[in-house]
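**Student:** First the structure, then my questions, so here it is.
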Amino acid sequence: MNKKDESRRLYDLLSYGVLDTSPDQELDEIAEIASLLCDTPISLISLVDENRQWFKSRVGMDTKETPREDAFCRYTLDKPDEILVIPDSLEDERFRNNRLVTGEPRIRFYAGAPLLTPQGNVLGTLCVIDRKPKELTENQAKALKLLAKRAMDFLNTRKLLIHQESELDKNAQRLKMLTDRAPGVIFQATMKTAGSFSFDFISEGMAAIHPDYTSDFIRKSPETLFKHAHPEDLEMVNASVQHSFKTLEDWDVEYRVANKDGITRWLRGTAVLEKKPDQQVVWYGTIQDITLDKEYETTLEKISFDISHVLRRPVTSLLGLVNLFDDLNDTHHEEKQQIISSIRTVSEEMESFTRKLNSIYYQKKSNFIKPPGIAALNKLQPPDPKL
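Each number in this note's numbering comes from the position in the sequence shown (counting from 1) with 99 added on.
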């Protein structure tokens, strides 16, 4: 085998991640069946790397590996379609001086079926060995080849599972990095019929929302999450949780929290709910810090209030002057009426604009003081004391 082909074969072998691993029961059973079918005291599943042959499974032999130059199965590496059969090693010039023949395990008979990968590379063999000359029947050869294929099926499945587990681990790490760096808190929680609440997952963003607690602490003591809600909001928050739990409606609530640092923050909690067959309800949600949004909203309201009052006074005065001007006698009556009409139209438009600003201010102010839906929530049963 040339160096290029051998490099591909070794790369293929290493991709299975099987060298120097613990025994697998299924492969051990395949090796034992081979030994029974071929009536030999020794059977091996051998894998040939750059310097050795290593035995993944072995029956009747304690040695775990031997040097590559002594391996019988190295002669199968470039013959993927053939079973190598040596009836008597002492009659074969390739093996009569082999250390595995002249010394333990004193091989006289050998038969090995290649372990062939989907890429066409031979990883090693499923082989049977005897300490006396022997012939392999046609049926035994066929059985040995089928068992070798079964061994490769197991190794291919194992490789696929390892790859899938690796991808799952990578995806889990990526997801953790994303959730930990996402603004706010991402969580999955379970609420039982008795009202107990537990977090199955909660992201590290909790530290920014509640600097007093870590995510691990909240996970172990979930009731702490709502304990720091503002006294004026606590009943409303608990009622919203109970309402969503009973109706399976999306949870969406804005509330204040007071942390130990003395800073009051506005938070918004949202979640979609899923009821499981065991009647437990799983919450998939987020908690966001909306303090800046609230401050921005308050600032806009103040600006609209100031603009409406700043503009309204001169508009009112202008309308008064128009009325006064309208009462005066003037020889240019038609021109005067046109001017008055134009001034009145502009003034009324400005008056309408300031009234709208004023209306927006009072509406926002009302919503800010009394969150939407509070009247409906107040009609619900008292909150569960466990929350």
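Just so it is clear, CB atoms sit at the ideal spot from N, CA and C, and this is done for glycine as well.
Computed from a predicted model, the values in this text were never measured in an experiment.
Measure the CB-CB distance between Phe208 and Ile228 and report whether it falls below 8 Å.
**Tutor:** Result yes, Cβ atoms of Phe208 and Ile228 sit closer than 8 Å.
**Student:** Nearest CA to the CA of Arg173: which residue from Ser156, Val147 and His342?
**Tutor:** The shortest C-alpha separation from Arg173 is found at Val147.
**Student:** Kindly list the residues whose CB is nearer than 6 Å to the CB of Lys291, restricted to its own chain and excluding five residues on each side of it in sequence; keep chain order.
**Tutor:** Only Gln379 meet the Cβ criterion.
**Student:** According to DSSP, simplified to helix, strand and coil, what is Thr397?
**Tutor:** Helix, per DSSP.
**Student:** Compute the distance between the beta-carbons of Gly159 and Ile141, then report whether it is under 8 Å.
**Tutor:** In this structure, Ile141 lies closer than 8 Å to Gly159 by Cβ.
**Student:** Excluding five sequence neighbours on each side, which residues of the same chain lie with their C-beta closer than 8 Å to the C-beta of Thr398?
**Tutor:** Once the five neighbours on either side are set aside, Thr398 has no close Cβ partner at all.
**Student:** Is the segment 122–140 close to the segment 230–242, with three or more CB pairs under 8 Å?
**Tutor:** The segment 122–140 is in contact with the segment 230–242.
**Student:** I need the straight-line Cα distance from Pro217 to Gly116, nearest angstrom please.
**Tutor:** So the alpha carbons of these two residues sit roughly 16 Å apart.
**Student:** Please classify Val332 as buried or exposed, where buried requires at least 16 neighbouring CB atoms within 10 angstroms.
**Tutor:** Note on identity: in this sequence residue 332 is Asp, with Val being the wrong assignment. Buried is the call here.
**Student:** Could you tell me the distance, in whole angstroms, from the CA atom of Thr323 to the CA atom of Phe316?
**Tutor:** Approximately 9 Å, taken between the alpha carbons.
**Student:** Among Asp138, Gly223 and Asp161, which residue has its Cα nearest to the Cα of Leu109?
**Tutor:** The candidate whose alpha carbon is nearest that of Leu109 is Gly223.
**Student:** At which residue ranges does the segment 255–298 contain complete beta strand (DSSP E) runs of 3 or more residues, listed in the order of the chain?
**Tutor:** Those beta strand (DSSP E) runs which fall completely within the segment 255–298 and span 3+ residues are 284–290.
**Student:** Once you ignore the five residues that flank Lys163 on each side, which residues in its own chain have a CB closer than 8 Å to its CB?
**Tutor:** The residues are Trp153, Phe154 and Arg157.
**Student:** Tell me where the alpha helix (DSSP H) around Gln387 begins and ends.
**Tutor:** Careful: Gln387 lies outside any alpha helix (DSSP H), inside the beta strand (DSSP E) at Val380 to Asp388.
**Student:** So, using beta-carbon positions, are Ala370 and Asp349 closer together than 8 Å?
**Tutor:** Against a cut-off of 8 Å, the Cβ pair of Asp349 and Ala370 comes out as a contact.
**Student:** Would you mind working out which of Lys374, Leu235, Glu334 and Lys345 sits nearest Arg355, comparing C-alpha positions?
**Tutor:** When only C-alpha atoms are compared, the closest one is Glu334.
**Student:** Tell me the DSSP secondary structure of Lys102 in three-state form.
**Tutor:** If DSSP states are grouped into helix, strand and coil, Lys102 belongs with the helices.
**Student:** Over what stretch of residues does the alpha helix (DSSP H) that includes Glu348 continue unbroken?
**Tutor:** Neither: Glu348 is in no alpha helix (DSSP H) and is coded neither H nor E.
**Student:** Rounded to a whole number of angstroms, what is the C-alpha to C-alpha distance between Gly211 and Arg205?
**Tutor:** The straight-line gap from Cα to Cα measures roughly 16 Å.
**Student:** Excluding the 5 residues preceding and the 5 following Val381 in the sequence, name in chain order all residues of the same chain whose CB lies nearer than 6 Å to its CB.
**Tutor:** Excluding residues within five positions, the ones whose Cβ falls inside 6 Å are Thr289 and Glu373.
**Student:** For the beta strand (DSSP E) containing Thr216, name the first residue and the last one.
**Tutor:** Segment: none, Thr216 is in no beta strand (DSSP E) and carries neither H nor E.
**Student:** Between Thr390, Leu176 and Ser297, which lies nearest to Asn101 when the distance is taken from Cα to Cα?
**Tutor:** Cα-wise, what sits closest to Asn101 is Leu176.
**Student:** Once the 5 residues before and after Asp279 are set aside, which same chain residues still bring their CB inside 8 Å of it?
**Tutor:** Cβ neighbours of Asp279 beyond the five flanking positions: Ser302, Glu303 and Gly304.
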